[in-house]
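K.L.:
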Amino acid sequence: MAIYEFEGKRPIIGKLSFIHPQAVIIGEVEIGERCYVGAGAVVRGDYGKIVIGNGSNIQENCTLHSEPDTIAILEENVLIGHAAVVHGPCLIKNNVTIGMGAIVSANTEIEQESLLAAGSILPPGKSIPSRKIAMGNPARVVKDVGDYNIVYNQLATKLYQDLAGRCLTGLKLIEE
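And the structure:
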């Protein structure tokens with residue numbers, strides 16, 4: 040695994056969390072328990088701090104970073120879709136879904152159980168209220184998150200929590 044200390048700051052990784060061998064974790068990063076960090080993901084805690092709550096997943100090719108002396112906080116059970124970018128300082132609350140290829144800019148907040156749609160850009164200083172779907176560039180709230188979306192997102196998050204455990208025991212490099 041590519042896990043690096045940076046200027047005396049070392050990542051802290053919770054129990055039963057899986058960090059793919061091709062992911063990069065640098066510096067002041069805290070990853071909770073039962074998290075999944077996919078191949079190609081880069082979590083840079085060099086300038087600022089990154090906190091990833093229990094049960095969250097950072098899918099393949101994501102980038103997480105924060106400006107100097109700030110914190111990017113992902114609370115519990117947050118799903119960050121493939122190739123998304125999260126740039127702090129920001130606060131992403133419990134049970135939020137960030138769609139594939141979406142961009143979360145600095146000084147933003149996404150309230151619990153909300154969804155930033157795939158490919159959308161949340162501009163600096165903006166927020167998404169609780170249980171809302173935002174999409175576009177710039178992202179705007181388009182509707183409420185329905186019960187179906189809540190259950191779907193919970194199931195998707197649970198799949199990645201299960202995948203973390205499966206990868207810890209079942210992922211094997213084939214060397215020929």
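With the working numbering as the guide, the letters of the sequence shown map in order to residues 40 to 215. Just so you know, even glycine gets a beta-carbon here, dropped at the ideal spot from N, CA and C.
Taking only the alpha-carbon atoms, compute the straight-line gap between A157 and T196 and give it to the nearest angstrom.
P.N.:
Roughly 16 Å separates the two Cα atoms.
K.L.:
Counting only beta-carbon atoms, is A41 nearer than 8 Å to chain B?
P.N.:
As a matter of chain content, chain B is missing from the structure shown, which is built from one protein chain.
K.L.:
For Y199, which residues in the same chain have their Cβ closer than 8 Å to its Cβ, ignoring the five residues on either side in sequence?
P.N.:
So the qualifying residues of the chain are Y75, N96, Q98 and L118.
K.L.:
How about R83 and G71: are their beta carbons less than 8 Å apart?
P.N.:
The answer is no: Cβ separation not under 8 Å.
K.L.:
Counting Cβ pairs closer than 8 Å, one from the stretch 104-113 and one from the stretch 165-178, do we hit at least three?
P.N.:
Segments in contact, no.
K.L.:
When the Cα atoms are used, what is the spatial distance from E150 to V90?
P.N.:
Approximately 16 Å between the Cα atoms of the pair.
K.L.:
Since G84 sits in a beta bridge, which residues does DSSP pair it with?
P.N.:
Per DSSP, G66.
K.L.:
Could you tell me the distance, in whole angstroms, from the CA atom of G79 to the CA atom of Q193?
P.N.:
Using only the alpha carbons, I get a separation of about 24 Å.
K.L.:
In this structure, does DSSP put I137 in helix, strand or coil?
P.N.:
Of the three classes helix, strand and coil, the one that applies to I137 here is strand, per DSSP.
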